[in-house]
Structures are given as C-alpha cells and as structure tokens.
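If you're matching them up, the sequences are chains A, B, C and D in order. If you use the working numbering, the first sequence closes out at 1625, no skipped numbers anywhere. If you use the working numbering, the second sequence closes out at 1625, no skipped numbers anywhere. If you use the working numbering, the third sequence closes out at 1625, no skipped numbers anywhere. If you use the working numbering, the fourth sequence closes out at 1625, no skipped numbers anywhere. C-beta: ideal position from N, C-alpha, C; glycine also. Read the structure below first, then the notes.
4 protein chains.
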Amino acid sequence: MIPRYSRPEMVAIWEPANKFRIWFEIEAHACDAQSRLGVIPAAAAKTVWEKGDKPYTPERIARIDEIELETKHDVIAFLTELAEHIGEPSRFVHQGMTSSDVLDTCLSVQLSQAADLLLADLDKLLAALKRRAFEAKDMPCIGRSHGIHAEPVTYGLKFARFYAEFARHRDRLLRARMDIATCAISGAVGTFANIDPAVEEYVADKLGLTPEPVSTQVIPRDRHAAFFATLGVIASSIENVAIEIRHAQRTEVREAQEYFAPGQKGSSAMPHKRNPILSENLTGLARTVRMAVVPALENVALWHERDISHSSVERMIGPDATVTLDFALGRLTGLIDKLVLYPQNMRDQLNNFGGIHDAQRVLLYLTQNGVSREDAYKIVQRNAMRVWKSFGIDPDNTDAPAPLDETEKEAAGHENRLFFFLSKDQDLAKALRVEDLKALLEEDSISYHTKRVDTIFKRVFGA
Amino acid sequence: MIPRYSRPEMVAIWEPANKFRIWFEIEAHACDAQSRLGVIPAAAAKTVWEKGDKPYTPERIARIDEIELETKHDVIAFLTELAEHIGEPSRFVHQGMTSSDVLDTCLSVQLSQAADLLLADLDKLLAALKRRAFEAKDMPCIGRSHGIHAEPVTYGLKFARFYAEFARHRDRLLRARMDIATCAISGAVGTFANIDPAVEEYVADKLGLTPEPVSTQVIPRDRHAAFFATLGVIASSIENVAIEIRHAQRTEVREAQEYFAPGQKGSSAMPHKRNPILSENLTGLARTVRMAVVPALENVALWHERDISHSSVERMIGPDATVTLDFALGRLTGLIDKLVLYPQNMRDQLNNFGGIHDAQRVLLYLTQNGVSREDAYKIVQRNAMRVWKSFGIDPDNTDAPAPLDETEKEAAGHENRLFFFLSKDQDLAKALRVEDLKALLEEDSISYHTKRVDTIFKRVFGA
Amino acid sequence: MIPRYSRPEMVAIWEPANKFRIWFEIEAHACDAQSRLGVIPAAAAKTVWEKGDKPYTPERIARIDEIELETKHDVIAFLTELAEHIGEPSRFVHQGMTSSDVLDTCLSVQLSQAADLLLADLDKLLAALKRRAFEAKDMPCIGRSHGIHAEPVTYGLKFARFYAEFARHRDRLLRARMDIATCAISGAVGTFANIDPAVEEYVADKLGLTPEPVSTQVIPRDRHAAFFATLGVIASSIENVAIEIRHAQRTEVREAQEYFAPGQKGSSAMPHKRNPILSENLTGLARTVRMAVVPALENVALWHERDISHSSVERMIGPDATVTLDFALGRLTGLIDKLVLYPQNMRDQLNNFGGIHDAQRVLLYLTQNGVSREDAYKIVQRNAMRVWKSFGIDPDNTDAPAPLDETEKEAAGHENRLFFFLSKDQDLAKALRVEDLKALLEEDSISYHTKRVDTIFKRVFGA
Amino acid sequence: MIPRYSRPEMVAIWEPANKFRIWFEIEAHACDAQSRLGVIPAAAAKTVWEKGDKPYTPERIARIDEIELETKHDVIAFLTELAEHIGEPSRFVHQGMTSSDVLDTCLSVQLSQAADLLLADLDKLLAALKRRAFEAKDMPCIGRSHGIHAEPVTYGLKFARFYAEFARHRDRLLRARMDIATCAISGAVGTFANIDPAVEEYVADKLGLTPEPVSTQVIPRDRHAAFFATLGVIASSIENVAIEIRHAQRTEVREAQEYFAPGQKGSSAMPHKRNPILSENLTGLARTVRMAVVPALENVALWHERDISHSSVERMIGPDATVTLDFALGRLTGLIDKLVLYPQNMRDQLNNFGGIHDAQRVLLYLTQNGVSREDAYKIVQRNAMRVWKSFGIDPDNTDAPAPLDETEKEAAGHENRLFFFLSKDQDLAKALRVEDLKALLEEDSISYHTKRVDTIFKRVFGA
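What follows is the structure, given as structure tokens:
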C-alpha cells in the first residue's frame, strides 16, 4: 500500500481513528451485554456511551500513542485513554475479555468494511462492463487463439465475458465476506471461562457479525486465508482484462486504446507514443494483490490455542491487499468506462487476410457435402497456406506455392483470397461445384459467425 | 504426485482410461443432441453408443497412442481410434466441435470427480474428528498461547475446532466444485458459429454440469483458480492439525502420540524413538498442495480468446494437487482415528506449575472485589513470577524473590503454589481475607475453566 | 514431472537405480574411510566393493522393495539387500551412520548431477542464442516499449540480451550447484559422536562434494532453498524469451515463427492456423518450475536438530523442478535453433508508420539547434500525432487535425510522413530551415539507430 | 513496510530526498561525461554541479510534486525544478537520455544501498551468533529430531550452525548486490542511438556500478528477481532461528527465553505469562519478506524492449522487502544478543528420561562386541521402551512391560534407568557381561557425545 495506488476511503478503514472507534464499539456493546447479565452496573454501561462516544481525534490518538510508549501494550493504552474520559466506571470496561477479543473482532469489522467497498467497486465495474458490452455487442472483430487469427467474434463478447467473470467474483467475495465476518469474545483460550457467551452474541449482533462457533484465543485463520485467496483470484482477472487491452492497443493491432487526456504527456523521449500504461500498471498491481495469498495460507497453522506469527503478516497484507485491490478495481472501471474502441481497425484486421477465418466454415461445408474429414482438411489447409503465403507470411513453407505476382494479386483481390485459391483447387473441383462454394462464401461471413451473440448475451445478462 | 503419496481411486481419475471414457461420453451425448436437432442422422448417434460404448482397455489406449505419434494431435488420435470401432457413422462424430470443447469439458468432469472424492474424504475426516471430540470433550489439558501455558481447555475442544474448520472447508469445496463443473461446447472462439448451443446444454445436463454462459475457446480460468485456491486453503488446515499433533507428541509434552504399529521401526540409529512422522509428513504435503495456487492464479490471464499457457500447468497441478490432497486427507483421518491420547500426562502438565493458570481468575476476583485493575495486576504478576521462579524458571528475573529452599517447597506444595505465595502477599492481605482467596482457589479450577464446553459443542455439532 | 515434459537423462537421476547406486557408493567409501581409521577391518571394506559393486537391476530393486514392505524403512531395506550380496562383512557397513547421512548426501549428489545436466542445457542454449544473435545482428526491426512502436533495434540485439541473461543464469546455477554439493556424515544430531569426521571428509572427496561444516541430522535447508530459487529465476527467463516469440508470431506482427514441421497439424478445427504452441507451453512450464520456490523456502525452518516436513516436499520438487526445467531448456534451445525469422516483415513493420520512430531524433536535433526542450517537444508530438491520425490511428484525438484525403496521402507518401508534416509546421519553420530537416531525415535512419550494435555485441560476446 | 517494522536508515533510502539526490548525481555525472565527449559545453556541466549540488529539502520536494501534478511525469518535474536552480545550462541536462535511464539506474543505487545496510545487519548478527556460540560451546542439552529427544548436543552448536547459515547468506547477498549494481544509460530501446556508451561507463564508474552489457529500455529483470529471491532465502533462515527459540521458550522446555525488560507487560489478561513474541513476530515477518519473491519472478518476462508492469510491483516490494528484512535482522540480532539461557533446565531435560539418549551408543557397543545388528536393535529398543514406560510415556504400548512400582523406581534411579533395564535383560546377559556395560555407561555420556564440538567450531569459525 503506497499513496500512489491508494484511495482515501479504503485507507481510512485501516487508520487509527477507525480502528479505535471499532474498539470502542466492541467495548461499549460488551458493557451493555454485561450489564444485561448483571455482571456490571447498568449505570456504568450507560456512562461508557455517554462519555466515551466521541470521535478519535488526532489528539486522542496521540494520547493513546503516548501511553502505549510506556505500557508497550496497545489495548491497555486504549483503555487507559478511554478511562480518562469516562472516569471511575472505566473499571467495568473490558471485564473478562482479552486483548485478542478486541483485536480479532476489530479485524473482522475492518475486513467486512473493506469487503463492502470492494463489492461496491465490483458493482461499478460490472455496470461499466455491461454498458460497453451492449455498446459493442455487434461490433465484429477477429477472435484469436494463441495470438493467431482464428474466427470472428464481436468486441461486445469480450466485455460480456469479463462481466460474467467479475459477476462470479462478486459472489465469491460475498461469501468471503461472510467467512471473515465473525465475532470472538471468548477469553484467553476460547473457553468463555471469564465471560458469558451471551456477550459475544450480543456484540456480534450489534456489529453485524456472526458469533464464532469455536475460537481459541483467536478466530481461526482458515477464514482469513479464504478471504485473501479470493482477493488473489479477483486480482488475477484484473490482469486478464489488462492483458486484453494491452494487446488491443499494440501498434500493430490498434483495436482499442486507453483514453489519453488532452495535454497528457507520454514518453519523455519519444513524443509520438501513447502507451497503455494503466493496463500495464494493473498487470503489476494484480501481482502485488496476489502476493498476499501465500502468507495468508501460511498463517493458518498456529501453535496450540494461538501463536502470534500471523499478526505482523496481517498488519501488512490487510491494508496492502485491500487498498491495492480497491485502487485497481477503480482504475480498471475508469479504464473500461473510457476505453476508446476503433471499429474500423477491427474490421481491417478481420479483412486483412483474405477471409482466411472462414477456413473452418469451408471445412464443415465440405464434410457436410460428402468429402471425408481427412480430405477436406488437406484441401482447406493447403489453400489456407496459399493465402498466408500470398500475404508474405510463412514464405519458407515449402508446401505452399510461390507467392502471387502483382497481376495475380489483383485477380485474387484482398478480402476474398481464400475463395480465389479454393476455386482453383483441382481436388476441390472434383468434390463440389465452384458456384456452390461461391454462394457459401458470398453469404455474410460475419453474421454467420456472430449469429449466437444474442443468445450468449441473454445467458450473461438475462432476458 | 508420486506413488508414495497417492491413492488409486484419485489416480484413476487422471488416467487415460477415465479421460478417454469422458471424451467418449461427451462425443456420444453431443451426437444425440445433434441428431435431435436434425444435424446428423439418428442412426449415426445410435451407432456411436452401440459400437463405441466399451471400456478403454490398455490395448485401445495403446492404439490411440500409436495414432497420436503420427498425427501429433490427441483428439484426432482419439477420434480415429473410435472410428475404427464405429465405422462410417464416425464422420458425424465431433461435428462442429473443437478439441477444446472436449478437453475442457473433460477437465471439468475430472475436477468434479476429484472434488467428489475430496468431499467424501472430508466427510470421513469430519466423522473421525467428531468422534474424538466427544470422546475427549471433558478431558482437561492446559491451553497454550505463544507456546506458553495459559489456561485450561479440554482436548475435545481441539478436535471440535478442527471439526468446525473442516466443516467450513466442506462448504468451500462444494462451492468450488460448482465453480468448475461447467461445460463448454461452443466452438473455436466460443461463438457457437458451427454448433447449436442446445448441444452444449444437452451434454452439460447428461454429465451433471452447467453450461458455461460465455466461453472463449476455453472455459474461463478464474473458475480453476478459485478451485485450486480452495485446495490450498484446505491444505493449510491440514498443516494446522499436524502442527498440533507434532507439538503434542514432543518428548516434553507427551499429551498425544501417533499410533505406532507393533513391530514398526522408528529411527534406524536410535531405537528409543517414536517420531510423529505422519504429521510431519502432512506438514510437507500441505506445502506441495499449496504450491498449485500461484500457478493457478497466473493461469487466469490468457491472450484474447485463449492461449495455451495454462495447459501444461494444469496437466501437472490437476493430478498433483488433487491426488496429494486426497492422500493427505486420508492420512490425516487415519491419524486422528488412531491418535493415542495421554490424559494423565495432560493432567500432569496442567498441574506442573502450581496452579499458575488461575492467575487471571484471581485477577478478576480481585477487581470484582474492589482492587483497582492496576494494583490487582501487579499483585498477581508478582506472585506468578514467584511461582515460576520456585520451579526454577526465569531465575535471572531480578523482580522475583529467591527460589524456595526444600522446607519451603514442601510447605508450598506442588499443585497450589500460586495460592501459597498469594497468601503471603502483604498488599493482597490488605485487600481481602486469605480465607476468601482460599475458598476461591479450593473451588475446582478445572470445572471453572471448562464450564462452557457443552455450549461450544452445541454450537459446533448442533443440539 | 510428467512423461510429456521429461527427458530420460534427467529422469534417470531420480530413478531407484541411480539412488541406490549413490547409496552404495556412500556406504562403500565410508567403509574405506573406516578401515583406514582402523574402525573396521580392511578386508571388510574390500569385500563391500568386490561383491557389492554391481548395477541395481530391476530384480535387485524389486528385492529391496520387498524388504521395505516388511521393515517400512528404506535404508534398512537397502542394507539388508546389500548384505545378501556381501555376506558377513555387511555388519561393518553403515557403522556409526544414520539414515540421513545416506539420504541427505545422496540428495546432494542427485542435485549436483541435475545441475550438471542443466549447465549443459544452458551451454547448448547459449550456443544457439549466440549463433542466432550474430545471424540477425544487422537485421533491423522496430523496438517496442509498452507494446508500442518506439525506435529501431536489430533482431540480433534480442538474441544478444537473452544470451547475456542466460549467461548470468549459468553463473548463478554454478554457484547454486556449489551450494548444494555438500556431504554430511555426522550422525543422528550432527555431533559425530559415533563416527569420525574424517569419514565425512573422505566420502565427500570421493563424491566430489564438500564436507558440511556443521550439520544437524541433516544438511541445512537454506542450501536447497537457494538452489530451487535459482531454478525459479532461470524459469522466469524462459518465460521472458517465450513471450517475445509469442508476440513475434502474432498474426499482426509476423516477425518470427516457430518452426512448423512439414506435415504437422495445427488446429483440428481451423486448418489455417500456425500457433506458437512451443513458446506458449514454455510459458506454462516456467510457472511449474517456479512453483517449487515457495515450498523450498518454507522448508528452511526445521524444528531443533531436524524435523522431516521437508522430505515429502523434496521428493516432489526435486524431480519435478529439475526434470521440467531440463525439458524446458531443451525445448527452448530447439525453438531458438529453428526459429524462422521474417526480415521483410520486420522491415514492413518498421516502415509502416511513416518514419514516426524518428520523432526523438528530430526532437534532439531541434534542441541541439537552439529550440527549447519544451517547444521542441510540442512541435514533434503535434506532428507525430498527425502521422498516427493519417494512418487512421487515434482518430478521436481532438488535438490532431483531420486525416489526410487521398490526394494528400499521395503527397505525403508512406514511409516519410513524419517529414511531410514537420515540413509544413509553421513553428518549426521559424526555428530551422526545411532543407536542414530534410537532410537530417534523408540520412539513413536505420543505421543511425543501430550504429552501436557492434559495441553492444562486443560487450556481450567479447572481442 | 509499516512504521512498526521499519528502521529509519533503510526507510531513508526509499524517501524522495534520497531518490532525487541519486537522480541529480546521475544527471550531473552524465553532463560531465557529455562535456568530455564535447557534446555539451564544459561550462554547462560545471554549472550543474555548482548550482545544483544541494540537498533535496522538503521545500524542493514539494516544488517537484507541484510540477508533477501538472506534467504528470516525474522525471520531467524533477528536471524542471532543477532548471529553476541552474538556469539556462539546464537545457544540456538529460541530453540523449530517457527517463528509464535515470529511474532504473537509481533503483540500482537504491538496492545497492539497501544491500549495504543488510550486509552490515548480517555482520552484526554474525558477531552476536559467534559470541553466543562460544559462550555456549560446552553447554550440553538434548538434541531433538522430530521434536523427540535424540542425543546430546551443545547449545553452542545451535548458534554455530545459525552462524554458518547466515555466513552463507552474507555471500549470497554480496553476489545479489553485484547482480543489481548495474547502470543503464542506453536510451529508449537500449541502442545508444542518441547517447555515447561512454556516458554510461562514466556514470557507472562514478556511482560504483557496472555498465549493463546489454539493456533494452530497462535493465533486465532477472537481476532483480535474483536479488529478491535472495532476500526470501535469508528471511527463511530468520524463521529457522525464530522457530528454535519459540520451542526453547515453551513452558515445557524452558531452555531459553527472550529477554524480558523489567516492567514490561506480558499478556493483559494473564499476568503470569512471558511470551516469545519477538521470535513469533520474526516468523511472520519472514513470510512478508518472502512474499516479494513470486512477483519479482513474475516481473522478469516483459514485452519486447520493456513493458511497465514491473514498475508498480517494485515500488512496493523494493521498500517493503528491504525495510522489513532490515528490521527483522536487527530484531533478531537484539534477540540473540540478550537471549537468556537456562543451562540447568537444559541439563534437567537431558537427564529427565533415564539416559535414554545413550540407546544408540549401547547399540553400537553391542554390534562392536559381536551381537548382530538385528539382535542388538531388538534388545536396545525393548529396554528403551521400558524406560519410556517407566516414565509414564506410551503406556498403551503392549510390547512394553508393566510400569515400575515405587520400590522398583527407587531401585531404578532416575538418571540411569536405561542401564537398570539393560542390566536385567536376559538376552543381553548372554551377549556381554553386565560389568562391561556398566563401565560403558559410567563413562561420561555427555563428553562422549560432545567430543567433536571443537572440531566443528574450527570448521565454522576457523582455527
């Protein structure tokens, strides 16, 4: 977590003012519960709220720090400062509790708050993806597998699948949130020896948490591991989208481009450049969110009723992973929102290679018209290679014939070169009439390939 | 995945015979669907089942391998061998599909099968943990935080919290299973250009999968990432239990011991040793399951409509992580099932330090009887230190008085030394009567600490 | 480690025959050392070699396995089988040693053997990279940062930097090899209580190892951690090269292509495709080698004088990481060796954008001729944007003027469009004479950019 | 990196003042080099030093930040602020360089500075370990494998092996430092098109770096990966030491204890506790240093002549990993320095189990006196089990005889119970005379086990 990659709302969750506020609420609610049980006087519990319920100003925080320097114990410092406000009844505060009751329940609240911000982030991202998906639903472009032109898709499909991916993440995060939203006020080794379980139940209810069914000194760390693992999975999908955009913005592809504000400078040395720096940055940020996963897994195994090895880890990855993921989701949403699409370039890419993306379509047509799969494959592959070669690709491939000279090129045309070669193939001629082939390829190739887009959208976005 | 850490049922999932069987089922069901759509003749679909529905024997697999050597394409090799059985109608098989449709859907089936075994493993482990939990529900032992004696718990609470932890894992795994149980038969770039989505829906239904709402050439890898991350979280809890047992079996602790079969040899050089090798082994196995998580996360970001970088990773971590986790869960269940408990040693540990685990209890009693928290803390800490020192612990601590001589030791007794010192404390004497303190400490300390165990068990195991 | 990604020589290192052979050598050399020390009879040591020095055939291995089933102890099984060959003197074998002395020293030998193979792999890779570097030393192509055209480089520079990278890896691996090439024959807790350190020194010398200065029951695991971390770093560079090639083979780039054997099939569904499957595969393999790093780091912290948690991890990552890395290095070498380069496509890419890669050169020229840096930047950026826009790129950029109509395009030409716009810029005209600019841009741009290639090659490959 | 786990000297390396200072030096030295080459006037280079060579005060940094807000480019903001100080000659600054030349070379300097601090940290740690090693050289304690008592060692051996481990780390870090101490001033794509390589060589020399033989826009990231991997390996050894101490401080072990300052508070709820919180904390910190390794490996593969995905990662892990490791090494050194040892407790642990640690010694004696290994093992194991059982351990083991009654216990004594049982063993009596056995066991067992300690110390610390 560094300021450059942080947003204030998420940072605030991890700041002392919020932490102490949560501590106060835990203690104050616990007092209420204890007073209901008759363990402490009702008046004391009332005083806690009346005199203690005020913001943790920088002055108060400084005072707590000052006390901690002396006592070397954060919760004791907090309680001592609180006592300065509420006076004598302070001795009823924290009765029967241990520091971990406060610290661990506070962490649950902080992680829940963080999860809520992240859920809101996801909602905004989903809205942006949905909007762009519908905008580009029928915007054809070449689909690629292995980085190689395959068959047409639409740009909307890309947004739609990212939408579906992040919609799954929303579900996962919701469950991960439930996983860490538990409350433990169960004492030094989790036995409730010195405190009634009803206190835990009461505080849990007030804070929107569930009571931890069985704790030790701490809440079990498989919960936190599952939470951070979920953040890591989400981060990986951010990288997934980022890689797509980085490819799209490549000079040779130019199907999309990150929005570049008027006046924004690119490279200091090379004035001509527009770099996809946001998505590159997201690629790196994804790595840094992911790096929380392994230590969170290593944190699960604690000695007996707890050791404190997990604590320093969580002090770092708690803020780091949530702040960075929040920032990254925000940046990604902005990026998607303003992403500049170049439909003409998409079409150009589609048409750049003589209709070669129809190879499978021809193959299928042949097999459906009596040509064996093996023969059909050979015929189509042979002519596809001719197309590539006619565009200067794979010129060393000895299987393919010589490249076209200029006259032939003109005859072959640019966009329908696959047909040009197929129509001259002797083996093919034996199998079917050139007219039929021509008819096939004159049908609109794009709509052949995109005819199910509506169906897919219905699946993803509902009716 | 190595034979030493493998069980046959899980290994079988990843063997060619199972893989080809699944491929066959995908193709055969797809034929049924295509014939219903009128795309291929009903007779052809029927023939596929009639002639193709037989086990993949070693001979058939060898034949497929032979063909693959030639074609260098696994799915084509599979289809060619299948054709040798079903003859001419074979040309209707795989119509409009791509290899990935078969491969990726097959992986979904394999991972679902693996998840089913793992769920069954978890059920067995949960049963063992529950049985041992109730057996040891009221078996007192010292609870430890930081490896230091804290306050009493019962051994049953340890099993109960492991039960709760693995019960959570069962839920997580169930969701992870749903996450990867999807079917994609959507063609080269996921557009269904050459195949009706109804085929996907039909096959999905037959195989117990859900249709993937939007795929590219492949099923999106966030699903697999979430799956392997879940395995990693589960593995971490195996380590958690293993660490507990390794500590319990330490020579100085001896509260529990892995079952050691009659005749089993321990150390070759040191005939006196009984080592917790199973739980040590589980600690290592947990690491190897976890190591699948990061590459699974790295697999999420693919280029455009797919690149194949994820494939080699999954060929390894698919079998490795599931086979090892299955083995580890089985080993852990056996270990828990037969774990030898030493209640007498537990009691000895509890009583070894003069009742010092009642320090907090006394502290609370003092504060509830008018002593300020600060004073009470000082009094109790001071006398607790005397107890430690009287047992030869922390002898350099200058705060504490000289250790007891033999006469004093006898006077002090062994099990109630905290009371001995407290009763001589002048400050304490001012605050309360020794008789009251004595009365407090004569109450059964153990039942004071364990009085909520039933409540906790009810939370964990239900009424 | 799976057969598909394995080579026999590396696999053999991890097979029982090699392992038992190393065990035998350790024991036999130890006997020699013990006999020199007078601990065991010289005749016994002689007999061990005379009767025991024969290959571990499948029959012998089966016999050892059979004994292990009974004793459940691998080293004892090994010694028992050995005793069947050498008879009575067998009781002098293994005197004063523990199993770990044999197992851990054996692992050192196996890792050293593995390192030797990997070093040889690196030598072959370096040779291939060097050959291709010189072949392409003066083959110009566009350099790209952020995936965006920047300034010209040569393809040879790419190979040269990969060469330098793997040359560094060679050094690192050599040191990592030294790190794990130690021998420990120091007894149950490393004290040499029952064996003279001279035995360790003798065996170390015979096996080409260094004696471990201080061991416990085992060799310290920081050594192995450093070793596997080094494999992970090397793997990451494999990914680095693989990514370069995958980009180069993209349909839109086509500067290089993996060799495609005549007759090789590509996609089953799309006969027109040539996919960079080797480098995609290497990308995945890199991830699987890397996944050994974290568990190797986790293995370092052992309890007291050893626990055995590291063992199961090493049984897996030892073979897995070395076998996979060996395979990957071999595959990468083959790929580099046969990589098809397309110099014409490289030139086309270079010239595709009107000489825009000279933007910085013009900028520098302006500042060196009295224009302030700020003004120069603005002038060059403005005209660079005009170039992009004239090629249909970034058409929404409101800063840039309208695109060229056909007449203007003809006037502007294709390859020198940057000059075309610059020469019309009024601000520029004030700063310098168009003739000077023309003179500048008529100099060969490529040789301007590549004039230091020889210097760089000298740095990398020496004089 | 959070204040709680940071030390000011390391933090300062990563602060703006240091960063800008390094930037300034790079630029100023580059000006000198350019003036020697005649590219810029000597007077200009002189002015840069004369007017620019002053500290980066908070005011200057604020000014740079202000400019960056406008230009959104850090290097340009830096140069603009610098120009405000040096005036007109500022136009000669940064000539022919790109931002990456400055940024990447600066990172090399920062990482070198960080490495220097870490090397000094290691020196202090090594000194502490050495001192404690010699102090405890002959302090006997039980050695443990698998957490089970094995045979005696000395506490000094533990420190000695940690010394050897960190001495290896010193070597590794030194090499890692060399790995990242390179300088690149090679322009936008590493071709030196606009700058003479002599500038790079000159600046490198002035900054104590080596010129990068071949760079792209950036220094190759395998260097940084090797660096961070080394930090991860070192961190793992910190965990190794920490685990040893955490075990030593366990209530049941009590062989050592972290120093506890007078007046320091332990648990807030349990006044009797002294927890090994420093070593627990180090366990966690080790995890957080290690988490930098994987993203550093993922950073190696960059697109073409660079993408910027690595940058955000390094902005975080650069400070985080070095600051945390520095803090952890400092904390570890303090911990080792003041660690309280309890030799009497060590001796008690040694003697607690009736001399059972001599089991192997007896075994060896038997085999050397004509008993077969198998028989000797059975005899010794049988009696070792009797010893355990007589101490109430493993009472369910049906192989062992009934536990001793009180009379027998007295007869058996405490410290030499192994002999007691052996001397009654009928099979043993057949093999040797009880007197011989007695003579053997009356020799000092401890000095038998520790006789090689001097040899080992000589190996580790030299003559």
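Which residues in chain C have a C-beta closer than 7 Å to the C-beta of His1308 of chain D? List them in chain order. By 1-based counting over the fourth sequence, the position of residue 1308 of chain D is 146. The answer, in chain order, is Asp1469, Ile1470.
Say whether chain C places a C-beta atom closer than 8 Å to the C-beta of Pro1457 of chain B. Taking the first residue of the second sequence as 1, we reach residue 1457 of chain B at position 295. Judged by the 8 Å Cβ criterion, Pro1457 of chain B is in contact with chain C.
I'd like the span of the beta strand (DSSP E) that includes Glu1313 of chain D, first residue to last. Along the fourth sequence, one-based indexing puts residue 1313 of chain D at 151. Glu1313 of chain D -> beta strand (DSSP E) spans 1310 to 1316.
Classify Gln1419 of chain D as helix, strand or coil using the three-state DSSP reduction. Your numbering for residue 1419 of chain D matches position 257 in the fourth sequence. Correct three-state label for Gln1419 of chain D: strand.
Contact set for Glu1577 of chain C: own chain, Cβ-Cβ below 8 Å, skip 5 residues either direction: Position 415 of the third sequence, counted from the start, is the residue given in the question as residue 1577 of chain C. The answer, listed in chain order, is Asn1513, Gly1516, Gly1517.
On the three-state DSSP scale, how would you describe Thr1372 of chain C? As a working mapping, residue 1372 of chain C is identified with position 210 in the third sequence. In this structure, Thr1372 of chain C counts as strand in the three-state DSSP scheme.
Leu1440 of chain C CB to nearest chain A CB: under 8 Å? For the purposes of this step, residue 1440 of chain C is taken as the residue at position 278 of the third sequence. Not one chain A Cβ lies under 8 Å of Leu1440 of chain C.
Compare the C-beta of Glu1187 of chain D against all C-beta atoms of chain A and say whether one is closer than 8 Å. Position 25 of the fourth sequence, counted from the first residue, corresponds to residue 1187 of chain D. Answer no: the Cβ-Cβ gap between Glu1187 of chain D and chain A never drops below 8 Å.
Per-residue contacts from Met1172 of chain B into chain C (C-beta, under 7 Å): Position 10 of the second sequence, counted from the start, is the residue given in the question as residue 1172 of chain B. Near Met1172 of chain B there are no residues of chain C at all, since even the closest Cβ is about 16 Å away, more than 7 Å.
Going along chain A in order, which residues have a C-beta closer than 8 Å to the C-beta of Trp1550 of chain B? Reading the second sequence from its first residue, position 388 is the one you call residue 1550 of chain B. Correct list: empty, because the minimum Cβ distance to chain A is about 17 Å.
With distances taken between CB atoms, is the gap from Ile1347 of chain A to Val1365 of chain A smaller than 8 Å? Reading the first sequence from its first residue, position 185 is the one you call residue 1347 of chain A. Reading the first sequence from its first residue, position 203 is the one you call residue 1365 of chain A. It is a contact, given that the beta carbons lie within the stated cut-off.
Boundaries (first-last residue) of the alpha helix (DSSP H) holding His1347 of chain C: For the purposes of this step, residue 1347 of chain C is taken as residue 185 along the third sequence, with counting starting at 1. For the record, residue 1347 of chain C in the displayed sequence is Ile; it is not His. Neither: Ile1347 of chain C is in no alpha helix (DSSP H) and is coded neither H nor E.
Same chain, Cβ closer than 6 Å to Ala1521 of chain B, five either side skipped, listed in chain order: Working through the second sequence from its first residue, we reach residue 1521 of chain B at position 359. Only Val1542, Ala1546 meet the Cβ criterion.
Using a threshold of 7 Å, is the CB atom of Arg1183 of chain B nearer than that to any non-hydrogen atom of the ligand HEM? Absence of the ligand HEM is noted for the structure shown, with no ligands found whatsoever.
Below 8 Å, how does it come out for the segment 1355 to 1363 of chain B and the segment 1179 to 1196 of chain B: are there three or more Cβ pairs, yes or no? yes
Alpha carbon to alpha carbon, what distance is there between Gly1258 of chain B and Asn1356 of chain B? Translated into positions along the second sequence, residue 1356 of chain B becomes position 194. Translated into positions along the second sequence, residue 1258 of chain B becomes position 96. About 5 Å.
Could you please give me the residues that DSSP links to Cys1303 of chain D through a beta bridge? Against the fourth sequence, residue 1303 of chain D aligns to sequence position 141. Answer is D:Val1315, bridged to Cys1303 of chain D.
Spatial neighbours of Phe1583 of chain C within its chain, please: C-beta separation below 7 Å, excluding the five flanking residues on both sides. Position 421 of the third sequence, counted from the start, is the residue given in the question as residue 1583 of chain C. Excluding positions up to five away in sequence, the list reads Asn1545, Arg1548, Val1549.
For Asn1443 of chain C, would you say it is in contact with chain B, using Cβ-to-Cβ distances shorter than 8 Å as the test? For the purposes of this step, residue 1443 of chain C is identified with residue 281 of the third sequence, where counting begins at 1. At least one chain B Cβ lies under 8 Å of Asn1443 of chain C.
Is the shortest distance between the beta-carbon of Thr1450 of chain D and the beta-carbons of chain A less than 8 Å? Taking the fourth sequence and counting its residues from 1, one reaches residue 1450 of chain D at position 288. Judged by the 8 Å Cβ criterion, Thr1450 of chain D is in contact with chain A.
Amino acids of chain D, ordered along the chain, whose beta-carbon sits closer than 8 Å to that of Ser1609 of chain C: Looking up residue 1609 of chain C in the third sequence gives position 447. The premise fails here: Ser1609 of chain C is roughly 10 Å from chain D at the closest Cβ pair, so nothing lies under 8 Å.
Are Ser1307 of chain D and Glu1374 of chain C touching if we call contact CB-CB under 8 Å? Start at 1 with the first residue of the fourth sequence, and residue 1307 of chain D comes out as number 145. Start at 1 with the first residue of the third sequence, and residue 1374 of chain C comes out as number 212. Going by C-beta atoms, Ser1307 of chain D is not nearer than 8 Å to Glu1374 of chain C.
Which residues, taken in chain order from the segment 1464 to 1495 of chain D, show a beta carbon closer than 7 Å to some beta carbon of chain A? Asp1469, Ile1470, Ser1471, His1472, Ser1473, Ser1474, Val1475, Arg1477, Met1478
With Ser1274 of chain A and Ile1188 of chain A assumed to form a contact (beta carbons below 8 Å), what rounded beta-carbon distance in angstroms separates them? Within the first sequence, the letter at position 112 stands for residue 1274 of chain A. Within the first sequence, the letter at position 26 stands for residue 1188 of chain A. Actually they are not in contact, since the Cβ atoms of Ser1274 of chain A and Ile1188 of chain A sit about 13 Å apart, beyond 8 Å.
Where Thr1633 of chain A falls, given that 16 or more other Cβ within 10 Å makes a residue buried: The structure shown does not extend to residue 1633 of chain A, since chain A is modelled only from 1163 to 1625, so the question has no answer here.
Straight-line gap, Gly1352 of chain D to Gly1305 of chain C (C-alpha atoms, nearest Å): The residue you call residue 1352 of chain D lines up with position 190 of the fourth sequence. The residue you call residue 1305 of chain C lines up with position 143 of the third sequence. About 9 Å.
Assign Ser1534 of chain A to buried or exposed, taking buried as 16 or more other Cβ atoms, counted over all protein chains shown, within 10 Å of its Cβ. For this step, residue 1534 of chain A is matched to residue 372 along the first sequence. Under this definition Ser1534 of chain A is an exposed residue.
Note the first and the last residue of the continuous alpha helix (DSSP H) segment covering Trp1211 of chain D. As a working mapping, residue 1211 of chain D is identified with position 49 in the fourth sequence. Here the alpha helix (DSSP H) through Trp1211 of chain D covers 1204 to 1214.
With a threshold of 8 Å between beta carbons, is His1409 of chain D in contact with chain C? Here the question's residue 1409 of chain D lines up with position 247 in the fourth sequence. Yes, its Cβ sits closer than 8 Å to a Cβ of chain C.
Confirm, please, whether the CB-CB distance from Ile1439 of chain C to Ala1458 of chain C is below 8 Å. Against the third sequence, residue 1458 of chain C aligns to sequence position 296. Against the third sequence, residue 1439 of chain C aligns to sequence position 277. Contact flag unset, no.
What is the residue span of the alpha helix (DSSP H) that Phe1583 of chain B lies within? Working through the second sequence from its first residue, we reach residue 1583 of chain B at position 421. Taken as a continuous stretch (DSSP letters only), the alpha helix (DSSP H) holding Phe1583 of chain B covers 1579 to 1584.
Would you tell me roughly how many angstroms separate the C-alpha atoms of Ala1190 of chain D and Thr1372 of chain D, rounded to the nearest one? Numbered from 1 along the fourth sequence, position 28 holds the residue referred to as residue 1190 of chain D. Numbered from 1 along the fourth sequence, position 210 holds the residue referred to as residue 1372 of chain D. In a straight line, the C-alpha of Ala1190 of chain D is about 18 Å away from that of Thr1372 of chain D.
Going along chain B, which residues have a C-beta under 7 Å from Val1622 of chain A? Locating residue 1622 of chain A in the first sequence gives position 460, counting from the first residue. Near Val1622 of chain A (Cβ distances below 7 Å), the residues of chain B are Pro1375, Val1376.
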